[in-house]
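Novice:
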Amino acid sequence: MKGYADRLLAVDLTAGRCRARPYPDEWKHDYLGGRGLGVRLLTEMIDASTEPLSPENPLVIATGPLTGSGVPLGSRFDIVTRSPLTRTLTSANSGGFFGKELKRAGFDGIIVTGRAERPVYLWVNDGAAEIRDASGIWGKRVSETVREIEAETPGPSTEVLCIGPAGERLSPISSIMNETFRSSGRGGVGAVMGSKNLKAVAARGEQKTEVADPEGLKGLKAAVRAKLRENPVTGIGLPTYGTAVLVNIINEHNILPTRNFQRGYDPEAGAVSGEELAEQYLKSKKCCYSCMVCCGRLTEIDGVEGDGPEYETLWAFGSNIGCHDLGMAIRANNLCNDLGLDTISVGGTIAAAMEMNERGYLDTGIRFGECEKVLDLVEAIGERQGIGDALAKGSAAFTRRHGHPELSMGVKGQELPAYDPRGLQGHGLAYATSVRGGDHVYAYLISPEVLGLPEALDPFTDEGKADWTKAFQDLTAVIDSIGICLFTSFALDADDYAALVRGVTGMEMSAADLMVIGERIWNLQQLFNLRAGFTRADDTLPGRLLAEPLTDGAPAGRVWRREPLLSEYYRARGWDRHGVPDPEKLKELGIAWAAPLPVT
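Here the working numbering = 1-based position in the sequence shown + 22.
(1) Answer with yes or no whether the minimum CB distance from L299 to chain D is below 8 Å.
(2) Thinking C-alpha only, which one of T280, G525, A266 and A534 is nearest S341?
(3) On the DSSP bridge assignment, give the partners of P637 in chain order.
(4) May I ask you to report which of helix, strand or coil DSSP gives F390?
(5) Would V581 pass as a contact of A569 if the rule is Cβ separation under 8 Å?
(6) Just how far apart, CA to CA, sit P620 and A188?
(7) Can you tell me where the alpha helix (DSSP H) holding S217 begins and where it ends?
(8) Among V142, N147, V102 and E139, whose alpha-carbon lies nearest the alpha-carbon of L124?
(9) Return the residue from the list T65, G362 and P44 that minimises the CA-CA distance to W615.
(10) Whole angstroms are fine: how far does the CA of L88 sit from the CA of T622?
(11) Please tell me whether T112 and T103 are closer than 8 Å, where the distance is taken between their beta carbons.
(12) Taking the runs of the alpha helix (DSSP H) that are 4 residues or longer, which of them lie wholly in the segment 101 to 162?
(13) Under DSSP, the beta strand (DSSP E) around N200 begins and ends at which residues?
(14) Which two residues bound the contiguous beta strand (DSSP E) that contains R39?
(15) Just grab the DSSP bridge partners of L20 for me.
(16) When you compare only the Cα positions, how much space is there between A234 and A521?
(17) Under a three-way DSSP split, which group does R623 fall into?
(18) Where A37 and I83 are concerned, what is the direct C-alpha to C-alpha distance, given to the nearest angstrom?
(19) Considering only their Cβ atoms, is the gap separating N282 from M199 smaller than 8 Å?
(20) To which residues of the same chain is G575 closer than 7 Å at the C-beta, ignoring the five residues directly before and after it?
(21) So D47 and I539 are in contact, right, with Cβ under 8 Å, and what is the actual spacing, rounded?
(22) Which residues bound the beta strand (DSSP E) around C184?
(23) Taking the straight line between their C-alpha atoms, what separation do you get for N79 and C507?
(24) Where does Q284 fall in DSSP's three states?
(25) Taking E327 as the reference, which of N356, M350 and G387 has the closest Cα?
(26) Buried or exposed for P176, please, with buried defined as at least 16 other CB atoms from any protein chain shown within 10 angstroms of its CB.
(27) Counting pairs of beta carbons, one from the segment 28 to 45 and one from the segment 69 to 76, are three or more of them closer than 8 Å?
(28) Determine whether the beta carbon atoms of L467 and F494 lie at a separation below 8 Å.
(29) Among the candidates L95, Q436 and G445, whose CA atom is the shortest distance from the CA of D560?
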């Protein structure tokens, strides 16, 4: 089958052993790769008793068939593991050049188990793998780690994936970074890597990805590029301002979470926006491998260059903490990247600490708008010093410890991103039912509810939102699994993805086939959650978003309406009232073997 390196690398750090293992064709057909491969592996390898930071919890790094194939935006890879933040099966997606280089090094994915006795890094080079000592770089920040590993593995195409101090110190809100600035950010995947004493993975290779239909693929790639250029988001918005173009758009819709989701509108949000970023700090655009959208921003401040910030980060260190200092937001972004921290969770946790202080519940030392204190606090979180040690566990653990869990704006323990669901009934449903916790990229309902793509939906109505949410969730699982960027979904549909998969792999694959694969992946993640003790009660939003209406603009007076949305969603998925998939649904998807114990 084309499009694959056709091998997986199994790394047992306890034994200090690396070995290649075959990649079963039936897994390629049923799960495609990327997130799908990781979820399939984890479902088989662990159960609900497996602790996230134990040696038994695997860390899977997986590409998809389109990764490195040369198709537009085909650069992505996923990291899949059990999350120490949410205890769900989580996946964290990233782009850049690492995924392409891993496949060129001869492997579609890496399965890391065990724990090394001392700090190590993994060197994957043209079909071979070696575990190397990393004692000299343990404790160092991401930028220095990348420079030192590149110096040890000289070559123009070596790509490095690593953790910073936050991952080493097992923070549940730590990231895994690749190419210094790109982040697999959510769910605390960096802590899992740190728990294994694995500092980094470096990859380099010369093996080319063969495709099934080179001539036919040329026409497909041209058609895809044309659709991306013609689309207003991928053709104009993202290339011009990056994801930060959303700051003013979302604020104008009165759904920009402000001061820990106390409001949905910030009159000063424009000071920390994509337009201001381009005007004051932008040096150039940055592109991932095989990308013509180039949404990345290369910025410079204090003589230091860095990537971003993205929309979510500008919001996390802007409106959500009552700050309007663009320079501070850029510095905070750079610091989080170097420490290996998830900017969404860091910003959400700081916002919760600020509100705890302002309400008189706890003297956290910081209040909304005290921007001059933010960088020191981020440093303390990454290094786990002082109050930063407690905040490094995330907002749910921090607020629960101090008796006010209602101030954590998250789902299943993971901080929500930058869209207020009180003005977005469909997106709120996607938040509540996300199988990895509070999330926007497992189903980006912002596309139809705000941007009008692929068609405009009324954001305030419940009608049809269960079916739309399911469809977006299943399609996103496919996109994560084939190794292409989610941003293509603004311009492409399931038929386009099926054509690309056929052209690259040679598999007979229709749009309907892809959607079944996405549904299979989603249900496997749900089944694990059920075995882990998650129930219907966990498919909800923070109480504030259910009971405290927005006050500004068109969404004023609205809250998120859990019912009948949740019940309709369960019916759309073929689940019972507890969220347990019907046995016939599991049989239809070919995963009856993974059925959980019945809920009582």
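Beta carbons: idealized from backbone N, C-alpha and C, even for Gly.
Specialist: Result, derived from the coordinates:
(1) You won't find chain D in this structure, because it holds only one protein chain.
(2) Here residue 341 refers to the residue found at position 319 when the sequence shown is read from its first residue. Per the Cα distances, T280.
(3) Since the displayed the chain opens at 23 and closes at 622, residue 637 lies outside it and no answer follows.
(4) By 1-based counting over the sequence shown, the position of residue 390 is 368. Coil, per DSSP.
(5) For the purposes of this step, residue 581 is identified with residue 559 of the sequence shown, where counting begins at 1. For the purposes of this step, residue 569 is identified with residue 547 of the sequence shown, where counting begins at 1. Yes.
(6) Taking the first residue of the sequence shown as position 1, residue 620 is located at position 598. Taking the first residue of the sequence shown as position 1, residue 188 is located at position 166. The pLDDT assigned to P620 is 49, lower than 50, so where the model puts this residue is not dependable; a value taken from the coordinates is nonetheless given after this. Looking at the two C-alpha atoms, the distance is approximately 38 Å.
(7) As a working mapping, residue 217 is identified with position 195 in the sequence shown. Note, S217: alpha helix (DSSP H), V211 to S217.
(8) Locating residue 124 in the sequence shown gives position 102, where the first residue counts as 1. Checked all of V142, N147, V102 and E139; the closest Cα to L124 is N147.
(9) Counting from 1 along the sequence shown, the entry for residue 615 is found at position 593. Selected option, being the one with the closest Cα: T65.
(10) Taking the sequence shown and counting its residues from 1, the one referred to as residue 622 is at position 600. Taking the sequence shown and counting its residues from 1, the one referred to as residue 88 is at position 66. Legend: pLDDT at T622 = 40, less than 50; position of this residue unreliable, no value from coordinates given.
(11) As a working mapping, residue 112 is identified with position 90 in the sequence shown. As a working mapping, residue 103 is identified with position 81 in the sequence shown. Contact flag set, yes.
(12) Along the segment 101 to 162, the alpha helix (DSSP H) occurs as fully enclosed runs of 4 or more residues at 120 to 126, listed in sequence order.
(13) Looking up residue 200 in the sequence shown gives position 178. Start and end: I198 to N200.
(14) Taking the sequence shown and counting its residues from 1, the one referred to as residue 39 is at position 17. Element bounds for R39: R39 to P44.
(15) Nothing can be reported for residue 20: it is not among the residues displayed for the chain, which extend from 23 to 622.
(16) Counting from 1 along the sequence shown, the entry for residue 234 is found at position 212. Counting from 1 along the sequence shown, the entry for residue 521 is found at position 499. Answer to the nearest angstrom: the Cα atoms are 12 Å apart.
(17) The requested residue 623 is not part of the displayed model; the chain covers only 23 to 622.
(18) In the sequence shown, residue 37 corresponds to position 15, counting from 1. In the sequence shown, residue 83 corresponds to position 61, counting from 1. Rounded to the nearest angstrom, the gap between the Cα atoms of A37 and I83 is 19 Å.
(19) Numbered from 1 along the sequence shown, position 177 holds the residue referred to as residue 199. Numbered from 1 along the sequence shown, position 260 holds the residue referred to as residue 282. No; because the gap between Cβ atoms is not below 8 Å, this pair is not in contact.
(20) The residue given as residue 575 occupies position 553 in the sequence shown. Correct list, in chain order: N276 and Y287.
(21) On the sequence shown, position 25 is the one that residue 47 refers to. On the sequence shown, position 517 is the one that residue 539 refers to. D47 to I539, Cβ: 14 Å. No contact.
(22) Your numbering for residue 184 matches position 162 in the sequence shown. Element bounds for C184: E181 to C184.
(23) The residue given as residue 79 occupies position 57 in the sequence shown. The residue given as residue 507 occupies position 485 in the sequence shown. When rounded, the distance between both Cα atoms is 27 Å.
(24) The residue you call residue 284 lines up with position 262 of the sequence shown. Coil.
(25) Here the question's residue 327 lines up with position 305 in the sequence shown. It is N356 whose Cα lies nearest to the Cα of E327.
(26) By 1-based counting over the sequence shown, the position of residue 176 is 154. The C-beta of P176 has fewer than 16 other C-beta atoms within 10 Å across all chains shown, which makes the residue exposed.
(27) Taking a cut-off of 8 Å on C-beta distances, the segment 28 to 45 does not touch the segment 69 to 76, as fewer than three cross pairs fall below it.
(28) By 1-based counting over the sequence shown, the position of residue 467 is 445. By 1-based counting over the sequence shown, the position of residue 494 is 472. Result yes, Cβ atoms of L467 and F494 sit closer than 8 Å.
(29) Looking up residue 560 in the sequence shown gives position 538. Residue Q436 is the option with its Cα nearest to D560.
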